[in-house]
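*Asks:* In the numbering used here, the protein residues as written are 480 to 1094.
Below is a structure I'd like to ask you about.
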RNA sequence: GGGGCGGUAGCUCAAUUGGUUAGAGUACCGGACUGUCGAUCCGGUGGUUGCGGGUUCGAGUCCCGUCCGCCUCGCCA
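Okay, here's the thing in structure tokens:
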């Protein structure tokens, strides 16, 4: 075999005159069969034009070259020369070509179902189902190669940064014990212990805390996590986290370490200098943006106008406000009226759009979305305009309204209003065209650290308290004593306790989350009590961790980044499958391998399991 | 589990209100062609319209069921 002396991406004018050998795939064929054939030869590193000239080649070589087709694998030997027919500015190698003296066909291809060409004739990629079926062909596309390389670089920067900061990379088990709260788990039957099962980890949470007890001081891992829940565009059942934990630290130490990581990562991946990241409390995020991961690249903030609404003549405002004043904060059934001012919305938001908003907020349980426009004269128009007359001036002042604005109102309980407007805000932002393009080209990177989450929230159906992060999340340092002292039936106080948890939000997307962990047994037992776990039940579920925490656990805290989402941001894609080499579909299938697939009765017998086949 | 969109040649798509033999580009095969770079020109092969059923004189088109893919709600401590 003619083994390569160079890759297909590296030859330049400086190499003119050299004899070289290239290996690669035929990316394009342009033939003048009787005497001249051009082949664009491709590998992971680039494309180089090679020329077969009938004037200087044996006829059979020219004939073989004339029958080369896309995706054939070949080796050529030849001389580098300046392009005779003019440069191709589209290629980095576009100033040179290889005048072939020898050709070896390493492997002819079957006719491929589609070509791995980002700029395919017709301009469109084959549909994703087909691309997943033939993943190895799709991965040959330069943009997919770039995605793999980008992901690789994220691994390298990550390992370097944490190594420099004294972290040990430690692997934790994939075959793990089921801990049934949280996400649904994938299960693996045990052969040795009949009737017992492993679970695949949702995250290495408990192990990394144990590693702190074990004196590892600082741990990191780029680890696979498994959650058997329905996927989304940015979510797969099998995904990758950058997982860490630190000893002898408090909240701000971890947050600072994370901020340093983000700054390093963005600098190395994009050249962007991340400015100091703003902090925002959960409460403020919910009040101003209606969501715990606000996209702060645009305004469109939410304003509570309950007081003014009470003085208006809008019947459904008053109905909503009458819904109760029972509890003052999160998850509240208190009736409120909230509004979003949309600058310039009067012109841009069509009736069809605003009708759509009405439907949209109903999906979150709201009765509807009222729309009022501010005309050139500064007067309210459409919908409920005349019923707002009594508070017209106050409302204009409260929302800083200008001619040409549209105002969107939702009236319902605090919880429903907040959720509905928080989601609606994002739709309106897209409709108004105020969302900058994400990705490394053009759009700003807008980071936010969200702090002071409530420790607990009420489950809507059961009415029971659930941990907002997880049961080992500590209260904020200044809240611990109040928490220990609090009456478990005092809902207002319990709800007001904030945790030492933190999320990092990028352009409205949660890219990392973590917390200081509980190392005080009094606090831990109070948490279990609130969650409705008896000491026996808690021990049953988390025995090894609780036991470990008794033997000199250092104060510790950690965080995990969603690696897939980081890579998505660097590539500017909203499709998580673009950043995973072998992703799964919405039903968790791998279209290339056919997983999941059947197993034999013998295999099942070995693991003491029996399949229930639908039928 | 719910909602939405989609499935027609290897691929990307078209096909009028239900109407004759389901078309185009591309790929592939054959031919022509010595400076192309989405090469060009000529010719050809290629179809269980995802699958099953129904309505109809007649179904790619309408109806029911089902499978697959994508988006989304629930879910994801």
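The beta carbon of each residue, even a glycine, is placed where N, CA and C say it ideally should be.
Using a 10 Å radius around the Cβ and a threshold of 16 neighbouring Cβ atoms, would you call residue 601 buried or exposed?
*Replies:* Because the pLDDT at residue 601 is just 49, under 50, the model does not fix this residue reliably, and the value given afterwards should be weighed accordingly. The residue is exposed, with fewer than 16 neighbouring Cβ atoms inside 10 Å.
*Asks:* Excluding the 5 residues flanking residue 675 on each side, which residues of the same chain have their C-beta closer than 7 Å to its C-beta?
*Replies:* 669
*Asks:* What do you get for residue 502, buried or exposed, if any count of 16 or more other CB atoms within 10 angstroms of its CB means buried?
*Replies:* Buried, by the Cβ-count rule.
*Asks:* Return the CA-CA distance between residue 564 and residue 989, expressed in angstroms with no decimal places.
*Replies:* The straight-line gap separating the alpha-carbon atoms of residue 564 and residue 989 is approximately 52 Å.
*Asks:* Report back the beta-carbon spacing between residue 948 and residue 980 to the nearest angstrom; my notes put them in contact at under 8 Å.
*Replies:* 5 Å
*Asks:* Would you report the Cα separation of residue 441 and residue 883, rounded to the nearest angstrom?
*Replies:* Residue 441 lies beyond the residue range present for the chain, which begins at 480 and ends at 1094; the question has no answer from this structure.
*Asks:* Let me know the alpha helix (DSSP H) ranges lying completely inside the stretch 948-1025, each 4 residues or longer, listed in chain order.
*Replies:* 959-964, 970-975 and 1000-1009
*Asks:* Could you give the residue range of the beta strand (DSSP E) that holds residue 934?
*Replies:* Taken as a continuous stretch (DSSP letters only), residue 934 belongs to no beta strand (DSSP E), as it is neither H nor E.
*Asks:* Determine the contact status of residue 577 and residue 527, defining contact as a CB-CB distance below 8 Å.
*Replies:* yes
*Asks:* Who are the Cβ neighbours of residue 873 in its own chain at under 6 Å, not counting the five residues just before and after it?
*Replies:* 787
*Asks:* Within this structure, are the beta carbons of residue 695 and residue 647 separated by less than 8 Å?
*Replies:* Yes.
*Asks:* Let me check understanding here. Comparing Cα to Cα, which of 1084, 1003, 1015 and 894 lies closest to residue 939?
*Replies:* 894
*Asks:* Considering residue 722, what are the terminal residues of the beta strand (DSSP E) in which it resides?
*Replies:* 717-726
*Asks:* Where does the unbroken alpha helix (DSSP H) through residue 762 begin, and where does it stop?
*Replies:* 761-768
*Asks:* Ignore the nearest five residues each way along the sequence and tell me which others in residue 875's own chain have a CB closer than 8 Å to its CB.
*Replies:* 853 and 857
*Asks:* With residue 894 as the anchor, note down where its alpha helix (DSSP H) starts and where it stops.
*Replies:* 893-911
*Asks:* Give the range of the beta strand (DSSP E) segment to which residue 486 is assigned.
*Replies:* Looking at the DSSP string, residue 486 is not in any beta strand (DSSP E), and its letter there is neither H nor E.
*Asks:* Would you mind working out which of 849, 708, 645 and 777 sits nearest residue 664, comparing C-alpha positions?
*Replies:* 708
*Asks:* Residues bridged to residue 699 by DSSP?
*Replies:* DSSP links residue 699 through a beta bridge to 648 and 723.
*Asks:* Could you tell me the boundaries of the alpha helix (DSSP H) in which residue 814 lies?
*Replies:* Careful: residue 814 lies outside any alpha helix (DSSP H), inside the beta strand (DSSP E) at 814-821.
*Asks:* With distances taken between CB atoms, is the gap from residue 551 to residue 498 smaller than 8 Å?
*Replies:* Residue 551 places its beta carbon 8 Å or farther from that of residue 498.
*Asks:* Would you report the Cα separation of residue 482 and residue 533, rounded to the nearest angstrom?
*Replies:* 24 Å
*Asks:* With distances taken between CB atoms, is the gap from residue 1050 to residue 633 smaller than 8 Å?
*Replies:* no
*Asks:* Alpha carbon to alpha carbon, how far is residue 792 from residue 946?
*Replies:* 41 Å
*Asks:* Pull up the CB-CB distance for residue 724 and residue 690, whole angstroms please, since I reckon it's below 8 Å.
*Replies:* 6 Å
*Asks:* Could you spell out the range, first to last residue, of the alpha helix (DSSP H) harbouring residue 1044?
*Replies:* 1042-1050
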